[in-house]
Amino acid sequence: QSVLTQPPSASGTPGQRVTISCSGSSSNIGSNYIYWYQQLPGTAPRLLIFKNNQRPSGVPDRFSGSKSGTSASLAISGLQSEDEADYYCAAWDDGLSGRVVFGGGTKLTVL
Amino acid sequence: EVQMVESGGGLVQPGGSLRLSCAASGFAFTSYEMNWVRQAPGTGLEWVSYITSSGSHIYYADSVKGRFTISRDNAKNLLYLQMNSLRAEDTAVYHCARALTGDPPYMDVWGKGTTVTVSS
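In order, the protein sequence lines correspond to chains A and H.
Mapping of the first sequence onto our numbering: position 64 corresponds to residue 626, and the numbering continues sequentially without gaps.
Mapping of the second sequence onto our numbering: position 79 corresponds to residue 582, and the numbering continues sequentially without gaps.
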């Protein structure tokens, strides 16, 4: 059971806008930044969004992030076939000893 | 080129030990903090451990605390993960990932991973 909760799957057609949610608690999302990772099949994860809504260089502006309270969202606009991948949210958790926590991942299918 | 390459994975019996290494190149290793993240077959990402640039602060996931030890050799640009008392549930691909100072979840460079299989 992951500390951060994501829907297991999402889908959309090319050109559409899709969102992926990530729900946590006051000790993680509620008090720290959210990060998003994209993992294409057979590859290592790639940082997509950092500090809630910032994009590393090279990430298209079709990808955007937001956070409100203990929840966060990743939005992908102008969906493309190459966006088909697994997406993970992550955050620091201020619990007893401190840790990084991930969501269980959302598999995005481009129909 | 900025890269990290893991090694040391393999097949080990339950209760056994392995030491993973991660060789960093193309960047100032001593300026970055480091994570180990694993992914069991067909499942999601699981954070394992984090070490600050000097090695002065270390954090572990509850699932590995007391069994795994993270360390680094800044003179050799190497990160390690000593894994003892291995269990079947430790079977996974283990990635090292670079993090920004004071920002453990900011993992901007990842290695391709090394596979650990715990089985009799």
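Beta carbons are placed, not taken as given, at the ideal position from N, Cα and C, and that holds for glycine.
Item                                                                                                                                                                          : Value
Is any beta-carbon of chain A found at less than 8 Å from that of residue 523 of chain H?                                                                                     : no
Let me check understanding here. Comparing Cα to Cα, which of H/611, H/593, H/513 and H/533 lies closest to residue 575 of chain H?                                           : H/533
In chain order, which continuous runs of the beta strand (DSSP E) of length 3 or greater are located wholly inside the stretch 554-603 of chain H?                            : 561-563, 571-576, 581-586 and 595-603
Per DSSP, what kind of secondary structure is residue 546 of chain H in: helix, strand or coil?                                                                               : coil
State the Cα-Cα distance for the pair residue 629 of chain A and residue 595 of chain A, rounded to the nearest angstrom.                                                     : 8 Å
Using Cβ-Cβ distances below 7 Å, what residues of the stretch 589-613 of chain H are close to chain A?                                                                        : 598, 607, 608, 609, 610, 611 and 613
Can you tell me where the beta strand (DSSP E) holding residue 648 of chain A begins and where it ends?                                                                       : 647-655
Short of 8 Å in beta carbon distance, which residues of its chain neighbour residue 592 of chain A, apart from the five on each side in sequence? Order them along the chain. : 586, 631 and 632
I want to see whether chain H comes within less than 8 Å of residue 650 of chain A, judged by CB atoms only; does it?                                                         : yes
Which residues of chain A have a Cβ atom closer than 9 Å to the Cβ of residue 562 of chain H, listed in chain order?                                                          : 659, 660, 661 and 662
If we ignore side chains and look at the alpha-carbon of each, how far apart do residue 538 of chain H and residue 567 of chain H end up?                                     : 14 Å
Which residues share a DSSP beta bridge with residue 484 of chain H?                                                                                                          : Examination of residue 484 of chain H is not possible in this model, given that chain H is present from 504 through 623 alone.
Could you tell me the boundaries of the beta strand (DSSP E) in which residue 524 of chain H lies?                                                                            : 521-528
For residue 564 of chain A, would you say it is in contact with chain H, using Cβ-to-Cβ distances shorter than 8 Å as the test?                                               : yes
Using beta-carbon positions only, say whether residue 608 of chain A and residue 597 of chain A come within less than 8 Å of one another.                                     : no
Taking only beta-carbon positions, decide if residue 553 of chain H is within less than 8 Å of chain A.                                                                       : yes
DSSP three-state call for residue 644 of chain A: helix, strand or coil?                                                                                                      : helix
Cβ closer than 8 Å: which chain C residues qualify as neighbours of residue 539 of chain H?                                                                                   : Note that chain C does not occur in the displayed structure, where the protein chains are A and H.
By Cβ distance, which residues of its chain are closer than 6 Å to residue 603 of chain H, with the 5 residues on each side in sequence left out?                             : 609
Cβ-heavy atom distance between residue 602 of chain A and the ligand NAP below 7 Å?                                                                                           : This structure lacks the ligand NAP, and indeed carries no ligand of any kind.
Note the first and the last residue of the continuous beta strand (DSSP E) segment covering residue 508 of chain H.                                                           : 506-510
Could you list which residues in chain H have their beta carbon closer than 7 Å to that of residue 598 of chain A, in chain order?                                            : Neighbours of residue 598 of chain A on chain H: none; closest Cβ ~10 Å, over 7 Å.
So if DSSP puts residue 611 of chain A in a beta bridge, which residue, or which two residues, is it bridged to?                                                              : A/598
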